[in-house]
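Notes for the one structure printed next.
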Amino acid sequence: MKRMALILILSLSLFAGHKHLTLEQVLMLVEKNNLEIRIAEDEIRMKSLDTDIADGYSFGRVDIVLNALRSNDAGNVFGFKLQSREATFRDFGFRDFLGGVGEALVSAGGDFNQFTTIMSDPTMQERLLNTSPSDLNYPGSRNHFQEKIQYKVPLYVGGKLNKYAQIARKIENMSRLDKRKTINEKIFQARKAFYDIALVDSYIKNLKVILKNVEELENTVSSMVEEGYALDIDLLQVKSKKADVLRMLNQAKLNRDLAYQFLSFLVDEKVDSISAAYEDVPIPSMKKEEMLERNIDIQKAWMGLEISELATGVERAAYYPEIGAFVEYGSADNSFMNDFLDKDAYTIGVQMKWNVFNGMIDKSKYEKAKIQNFKVRRQVELAKKGIALKIDKIITEIKSREYDIKSLQEKVKFMRRVYENYYNRYKEGLISINDVLIKNSEEIEAVLKLAKTRNARNNKIFELENIINKGIL
Numbered sequence: 016m017k018r019m020a021l022i023l024i025l026s027l028s029l030f031a032g033h034k035h036l037t038l039e040q041v042l043m044l045v046e047k048n049n050l051e052i053r054i055a056e057d058e059i060r061m062k063s064l065d066t067d068i069a070d071g072y073s074f075g076r077v078d079i080v081l082n083a084l085r086s087n088d089a090g091n092v093f094g095f096k097l098q099s100r101e102a103t104f105r106d107f108g109f110r111d112f113l114g115g116v117g118e119a120l121v122s123a124g125g126d127f128n129q130f131t132t133i134m135s136d137p138t139m140q141e142r143l144l145n146t147s148p149s150d151l152n153y154p155g156s157r158n159h160f161q162e163k164i165q166y167k168v169p170l171y172v173g174g175k176l177n178k179y180a181q182i183a184r185k186i187e188n189m190s191r192l193d194k195r196k197t198i199n200e201k202i203f204q205a206r207k208a209f210y211d212i213a214l215v216d217s218y219i220k221n222l223k224v225i226l227k228n229v230e231e232l233e234n235t236v237s238s239m240v241e242e243g244y245a246l247d248i249d250l251l252q253v254k255s256k257k258a259d260v261l262r263m264l265n266q267a268k269l270n271r272d273l274a275y276q277f278l279s280f281l282v283d284e285k286v287d288s289i290s291a292a293y294e295d296v297p298i299p300s301m302k303k304e305e306m307l308e309r310n311i312d313i314q315k316a317w318m319g320l321e322i323s324e325l326a327t328g329v330e331r332a333a334y335y336p337e338i339g340a341f342v343e344y345g346s347a348d349n350s351f352m353n354d355f356l357d358k359d360a361y362t363i364g365v366q367m368k369w370n371v372f373n374g375m376i377d378k379s380k381y382e383k384a385k386i387q388n389f390k391v392r393r394q395v396e397l398a399k400k401g402i403a404l405k406i407d408k409i410i411t412e413i414k415s416r417e418y419d420i421k422s423l424q425e426k427v428k429f430m431r432r433v434y435e436n437y438y439n440r441y442k443e444g445l446i447s448i449n450d451v452l453i454k455n456s457e458e459i460e461a462v463l464k465l466a467k468t469r470n471a472r473n474n475k476i477f478e479l480e481n482i483i484n485k486g487i488l
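In this note's numbering, the protein residues as written are 16 to 488.
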């Protein structure tokens with residue numbers, strides 16, 4: 016029984032969520048656990064490997080090549096024997112040639128002068144030269160095993176490889192900016208959800224006060240109905256108002272639950288409660304120039320401009336020659352790895368290739384790259400002006416809502432006092448229940464409008480923080 020109880024306690028603890036999280040703790044969990052941020056980290060690792068690949072091309076490549084062949088093709092067999100350093104005069108067809116020379120010796124009867132005469136005869140020469148060498152033309156099948164190591168390295172390609180490596184490094188850095196932008200977006204969403212919960216809590220608190228007042232009014236009206244000082248319809252009106260307040264209260268609680276679910280999604284762990292901050296979010300104190308410098312999109316635009324300049328250099332490299340070197344060392348035989356050192360061979364070479372005409376394609380590509388660079392430069396300026404305008408607009412909206420909040424806070428206080436006054440006047444029989452309920456509705460409307468305005472102001476500040484890359488600080 017104790018064991019079952021322990022298992023139950025442990026299982027419940029696994030499903031328990033975080034409680035009383037502060038905003039700082041929420042943001043740290045977001046940056047640590049959020050799945051989209053992890054995906055962005057994977058993207059950085061892939062781009063880092065692309066950089067390594069681009070750097071690696073400058074070091075050339077080393078290949079070990081193993082060939083295992085068998086052929087009776089005359090050209091192949093003859094080449095196999097030459098590579099194996101085993102070629103003989105027989106392989107050239109000298110056996111058939113010497114047969115013709117032997118006949119000439121027999122015909123000369125040992126007389127050298129006669130032999131010379133026979134060999135000088137054009138008919139004899141034509142016959143010998145037209146002899147088909149059987150050993151050369153019809154060799155037997157032969158195995159061929161070749162083992163070699165090759166090294167190829169580019170010596171000069173007009174700076175193209177260096178530019179490619181720099182572009183890869185810039186793209187890697189851009190992926191880091193993309194990760195930072197993802198973090199900022201998730202922080203923006205987490206801040207918004209956190210303060211949404213806090214504002215809903217504040218709204219619920221105000222609704223509970225209103226509900227308490229309505230319940231007090233209900234008790235008062237009920238007593239007055241019993242004593243004959245009020246009508247049943249008055250009590251029904253109050254009950255209807257109470258039902259409306261309860262509906263709004265339940266809706267607010269459901270919205271709070273939804274906000275907790277979204278916050279749990281962002282941190283990838285269950286969040287049960289937060290230590291809500293009920294004060295309004297302070298507007299960032301930062302000069303506009305610094306805001307623009309910190310903006311991720313502008314930083315990416317500058318980096319895109321640098322990449323376009325490097326791409327222009329890549330296209331310009333087509334005007335220069337390409338020089339490469341290679342080294343090859345190996346051995347060949349009709350048996351694998353047989354007499355390797357006795358039959359080894361090496362080859363060293365350098366190649367230069369310089370294109371002098373290709374239909375003006377290189378020129379067109381270079382001009383296109385330059386135009387692209389000018390285009391990106393203009394896009395950077397456009398991005399700076401657009402984001403500066405967006406920052407000004409958000410700051411203006413924040414200040415406008417701050418004035419609205421001050422006005423609405425005073426209005427809520429005023430409407431609460433007015434309701435209390437109408438409630439007391441109703442008890443004295445000076446006004447109808449309708450007048451009291453109207454003032455109650457006006458108080459609820461003011462409370463709701465205040466909550467929405469505070470929420471809208473905070474959201475604009477979070478949007479500004481996202482734009483200026485504020486991060487957790």
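Quick reminder that beta carbons are idealized off the backbone N, C-alpha and C, glycines included.
For clarity, every value in this text was computed on a predicted model and none was experimentally measured.
Beta-carbon proximity list for residue i, same chain, < 7 Å, skipping 5 on both sides
i: Leu36; result: Val286, Ile289 and Ser290
i: Arg184; result: Thr66
i: Asn152; result: Ala89
i: Arg431; result: Glu458
i: Lys399; result: Leu307 and Ile313
i: Leu214; result: Ala466, Arg469 and Asn470
i: Lys189; result: Note on residue identity: the sequence assigns Met, not Lys, to residue 189. Once the five neighbours on either side are set aside, the close Cβ partners of Met189 are Lys315 and Met318.
Simplified DSSP assignment, three categories, for residue i
i: Arg101; result: In the sequence on display, residue 101 carries Glu and not Arg. Coil, per DSSP.
i: Asp136; result: coil
i: Leu452; result: helix
i: Gly32; result: coil
i: Tyr153; result: coil
i: Lys302; result: coil
i: Asp216; result: helix
i: Ile338; result: strand
i: Lys83; result: Per the sequence presented here, residue 83 reads as Ala, with Lys not at that position. Here Ala83 sits in strand by DSSP.
i: Glu162; result: strand
i: Met352; result: coil
i: Gly345; result: strand
i: Asp357; result: coil
i: Asp211; result: helix
i: Tyr244; result: coil
i: Leu264; result: helix
i: Ile483; result: coil
i: Val224; result: helix
i: Gly364; result: strand
i: Lys167; result: strand
Contact set for residue i: own chain, Cβ-Cβ below 8 Å, skip 5 residues either direction
i: Ala20; result: Caution applies to Ala20, whose pLDDT of 48 falls short of 50 and renders its modelled position unreliable; the value that the coordinates give is listed next. Answer for Ala20: no residue qualifies.
i: Gln276; result: none
i: Gln40; result: His33
i: Asp247; result: Val240
Own chain partners of residue i with C-beta closer than 6 Å, once the 5 adjacent residues on each side are dropped
i: Asn158; result: Arg85 and Asn349
i: Tyr441; result: Val451
i: Phe477; result: Phe203, Arg206 and Lys207
i: Ala333; result: Asp377
i: Val236; result: Ala245, Asp249, Leu250 and Val253
i: Ile219; result: Ala267
i: Val329; result: Lys175 and Lys178
i: Ser498; result: The structure shown does not extend to residue 498, since the chain is modelled only from 16 through 488, so no value can be given for it.
Assigned exposure category for residue i - 16 Cβ within 10 Å defines buried
i: Asn473; result: buried
i: Met61; result: exposed
i: Ser26; result: Low confidence applies to Ser26: its pLDDT is 43, below 50, so where it sits in the model is not reliable enough to give any reading.
i: Ile322; result: buried
i: Ile80; result: In the sequence under discussion, the amino acid at residue 80 is Val, which differs from the Ile named in the question. Classification for Val80: exposed.
i: Gly345; result: buried
i: Ser238; result: exposed
i: Leu281; result: buried
i: Ile22; result: Caution is warranted here: a pLDDT of 46 is assigned to Ile22, below 50, making its placement in the model unreliable, and the coordinate value is therefore given only provisionally. With fewer than 16 Cβ atoms within 10 Å of its Cβ, Ile22 is classed as exposed.
i: Gln366; result: exposed
i: Asn439; result: exposed
i: Tyr418; result: exposed
i: Lys454; result: buried
i: Ala347; result: buried
i: Leu397; result: exposed
Rounded distance between the beta-carbons of residue j and residue i, thought under 8 Å
i: Leu232; j: Leu261; result: That belief does not hold up - the Cβ atoms of Leu232 and Leu261 are roughly 14 Å apart, past 8 Å.
i: Asn199; j: Ile311; result: 7 Å
i: Lys475; j: Arg416; result: 7 Å
i: Ile483; j: Pro336; result: Not really, about 49 Å apart at Cβ, beyond 8 Å.
i: Asp106; j: Asp70; result: Not a contact, Cβ separation roughly 49 Å.
i: Leu50; j: Asp283; result: 6 Å
Cβ-heavy atom distance, residue i to the ligand COA, below 8 Å
i: Ala347; result: Among the components modelled here there is no ligand, and therefore nothing to report on the ligand COA.
Does the region 397–416 touch the region 360–374, meaning 3 or more C-beta pairs lie closer than 8 Å?
no
Answer yes if the region 171–186 comes into contact with the region 229–244, meaning at least three C-beta pairs across the two stretches below 8 Å, and no otherwise.
no
Mind the definition here: the region 447–461 touches the region 380–390 only if three or more C-beta pairs lie below 8 Å; say whether that holds.
no
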